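Asks: Protein chains in written order, with our numbering: chain A, 1 to 457; chain B, 458 to 552. Note that CB positions come from ideal geometry on N, CA and C, so glycine has one too. Just so we're clear, the structure is a prediction, and the values are computed from it rather than from any experiment.
1) Pick from A:172, A:417 and A:202: whose alpha carbon is nearest that of residue 184 of chain A?
2) Tell me, please, which residues DSSP counts as bridged to residue 232 of chain A.
3) Residue 379 of chain A and residue 414 of chain A: beta carbons closer than 8 Å?
4) Between the stretch 75-102 of chain A and chain B, which residues of the former have a C-beta closer than 9 Å to a C-beta of the latter?
5) Just how far apart, CA to CA, sit residue 96 of chain A and residue 204 of chain A?
6) Is residue 398 of chain A close to chain B? Criterion is C-beta to C-beta, closer than 8 Å.
7) In whole angstroms, what is the alpha-carbon distance linking residue 422 of chain A and residue 384 of chain A?
8) Scan the stretch 288-300 of chain A for residues whose Cβ lies nearer than 9 Å to a Cβ of chain B and list them as they occur along the chain.
9) So is residue 394 of chain A in contact with chain B if we call contact Cβ pairs under 8 Å?
10) So, does the CB of residue 445 of chain B fall closer than 8 Å to a CB anywhere in chain A?
11) Once the 5 residues before and after residue 322 of chain A are set aside, which same chain residues still bring their CB inside 6 Å of it?
12) Are the C-beta of residue 524 of chain B and some C-beta of chain A separated by less than 8 Å?
13) Residue 538 of chain B CB to nearest chain C CB: under 8 Å?
14) Spatial neighbours of residue 516 of chain B within its chain, please: CB distance less than 7 Å, with the 5 preceding and 5 following residues excluded, ordered by chain position.
15) Measure from the C-beta of residue 231 of chain A to each C-beta in chain B and report whether the shortest distance is under 8 Å.
16) Under the rule that 16 or more other beta-carbon atoms within 10 Å means buried, what is residue 432 of chain A, buried or exposed?
17) Quick one: what's got a C-beta closer than 6 Å to residue 532 of chain B's C-beta in the same chain, skipping five residues either side?
18) Ignore the nearest five residues each way along the sequence and tell me which others in residue 82 of chain A's own chain have a CB closer than 8 Å to its CB.
19) Contact criterion: CB-CB distance below 8 Å. Does residue 544 of chain B meet it with respect to chain A?
20) Starting from residue 5 of chain A, follow the beta strand (DSSP E) in both directions and report where the run begins and ends.
21) Would you say residue 552 of chain B lies against chain A (beta-carbon separation less than 8 Å)?
22) To the nearest angstrom, how far is the alpha carbon of residue 406 of chain A from that of residue 393 of chain A?
23) Select from A:207, A:271, A:234 and A:273 the residue whose C-alpha is nearest the C-alpha of residue 256 of chain A.
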């Protein structure tokens, strides 16, 4: 029996990894529009051209170098597990930021397929990307896709097939560091290859060890034995390399700065080359938004005004479908009660099921469904226009004074629609303390289901 | 009787001559440009700043200050980054 091929999905948060995953495995893992959704990795299997594949959806991460707790999981998986292919999902609307991660993954391995997702969004924003040029620049296959509508998925499967079965051998463009650094890295990588791990990850390992990246070191020890960094050939080599680098002015911090700057330079250069955009219209709109929403006097007024308008529209507009639903459900109840009575069901049973259970169910639906159906599209609209991040930015000062984070303004507003969504949305807050505060206080916002009853009286 | 409301705004302007070497991102006024000189070392956090493009020699521009002056938005490497006051003070710049 053939071994199952392992394929990893990596990418920045919110680029549609889970959507891609669902399209391929056609399992319906629930996807949502908030970051950090994939905390337990989703695994799925599929079959393509006589091979079984296992697809693993890693949590979203911006970088493999600096890591928060959740990103660490993704990095550890990528760096220490064996795989046959990595699919880098890239957001076509912000190529430059995303390419940074792609270059980092390319340092690790050459079995990479880049998936250019959200191409429809990019088109809407007048961003053109030349994927052939990108492919030749990076030295790996690039697939254009709009995962939401399933476009480009077949092509992706084909490329994964080619790469993971070594039918095509990628020759990725490696980043060149300063000669001094390069020499030490190659030397250390050779030693790593002999002592610890024979895979082609050694260059990446060497770079991280020289950087003295503490969270990476911890994971490294976890995977290769507790004392691996203290044992002789490796510890001597690392120490020597560090000393040499320090003599040339690259202490661990200068080195990480150097590495980060080379990565950025590369992604900058490449994105400039392959991306053609005419952003003038959008820029104008952004400037105007900045002026209104961040202006000293207009900001508070406009924020209150926007939130007021949204709530007002929600309440007044959802009244109509609410009343309609209530009327329909009352009729249905009558009808059902009459028929049940006429076929001889006892009156107690009918009043229990129809007057009790059904009525409560209908009541809850008719009160809660319409406001949500109105509120969330409006909220999505605000998000699309970029109003929400600006509000979060503006209010962060106040929230900071309370020991919380400005992003909480968003989750609290979301809580007006539904508290469950608001609380899961709290994952966008990085600091654990601030997140906990947001989660606890979020349930104090009256959600749509809670504030219609008072207004109905 | 209160018949008029006075709103006091305190726009802080920093004199660059006095600050000299101690100048940090926090001291930039809106629309000022500067060059990053050093990011003071604070472990993971400074690595995060590197990732965002806050690297020695990069041009950086202060674009907005929030209502209460604390998160401040900067444009660097084509993306906008908001830093809190205490974090902005960790990045040394020269005009």
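Replies: Answer, in terms of the structure:
1) By one-based count along the first chain, residue 184 of chain A stands at place 184. Of A:172, A:417 and A:202, the residue nearest in Cα terms is A:202.
2) Reading the first chain from its first residue, position 232 is the one you call residue 232 of chain A. Answer is none; residue 232 of chain A lacks a bridge partner.
3) Indexing the first chain from 1 puts residue 379 of chain A at position 379. Indexing the first chain from 1 puts residue 414 of chain A at position 414. At the C-beta level, residue 379 of chain A and residue 414 of chain A come within 8 Å of one another.
4) 94, 96, 97 and 100
5) Stepping through the first chain from its first residue, residue 96 of chain A is reached at position 96. Stepping through the first chain from its first residue, residue 204 of chain A is reached at position 204. If I take the Cα positions, the gap works out to 22 Å.
6) Taking the first chain and counting its residues from 1, one reaches residue 398 of chain A at position 398. Yes, because at least one Cβ of chain B sits closer than 8 Å to the Cβ of residue 398 of chain A.
7) Counting from one through the first chain, the residue named residue 422 of chain A turns up at place 422. Counting from one through the first chain, the residue named residue 384 of chain A turns up at place 384. In a straight line, the C-alpha of residue 422 of chain A is about 18 Å away from that of residue 384 of chain A.
8) 290, 294, 296, 297, 299 and 300
9) Here residue 394 of chain A refers to the residue found at position 394 when the first chain is read from its first residue. Chain B contact via Cβ: present.
10) With chain B running from 458 to 552 in the structure shown, residue 445 of chain B is simply not present.
11) Stepping through the first chain from its first residue, residue 322 of chain A is reached at position 322. So the qualifying residues of the chain are 366 and 370.
12) If you number the second chain from 1, residue 524 of chain B lands on position 67. Closer than 8 Å to some Cβ of chain A, the Cβ of residue 524 of chain B qualifies, so yes.
13) Absent from the structure is chain C; the protein chains it does hold are A and B.
14) Counting from one through the second chain, the residue named residue 516 of chain B turns up at place 59. Excluding residues within five positions, the ones whose Cβ falls inside 7 Å are 490 and 492.
15) Translated into the one-based positions of the first chain, residue 231 of chain A becomes position 231. No, residue 231 of chain A lies away from the interface with chain B (no Cβ there is under 8 Å from its Cβ).
16) Residue mapping note: residue 432 of chain A aligns to position 432 of the first chain, counting from 1. Classification of residue 432 of chain A: exposed, given that the 10 Å Cβ count is below 16.
17) Looking up residue 532 of chain B in the second chain gives position 75. Only 518 and 520 meet the Cβ criterion.
18) Numbered from its first residue, the first chain carries residue 82 of chain A at position 82. Hits under 8 Å: 6 and 199.
19) In the second chain, the residue the question calls residue 544 of chain B occupies position 87. Answer no: the Cβ-Cβ gap between residue 544 of chain B and chain A never drops below 8 Å.
20) Mapped onto the first chain, residue 5 of chain A falls at position 5. Here the beta strand (DSSP E) through residue 5 of chain A covers 5-11.
21) Looking up residue 552 of chain B in the second chain gives position 95. So, not an interface residue.
22) Translated into the one-based positions of the first chain, residue 406 of chain A becomes position 406. Translated into the one-based positions of the first chain, residue 393 of chain A becomes position 393. Looking at the two C-alpha atoms, the distance is approximately 6 Å.
23) On the first chain, residue 256 of chain A is found 256 positions in, with the first residue counted as 1. Measuring from the Cα of residue 256 of chain A, the nearest candidate turns out to be A:207.
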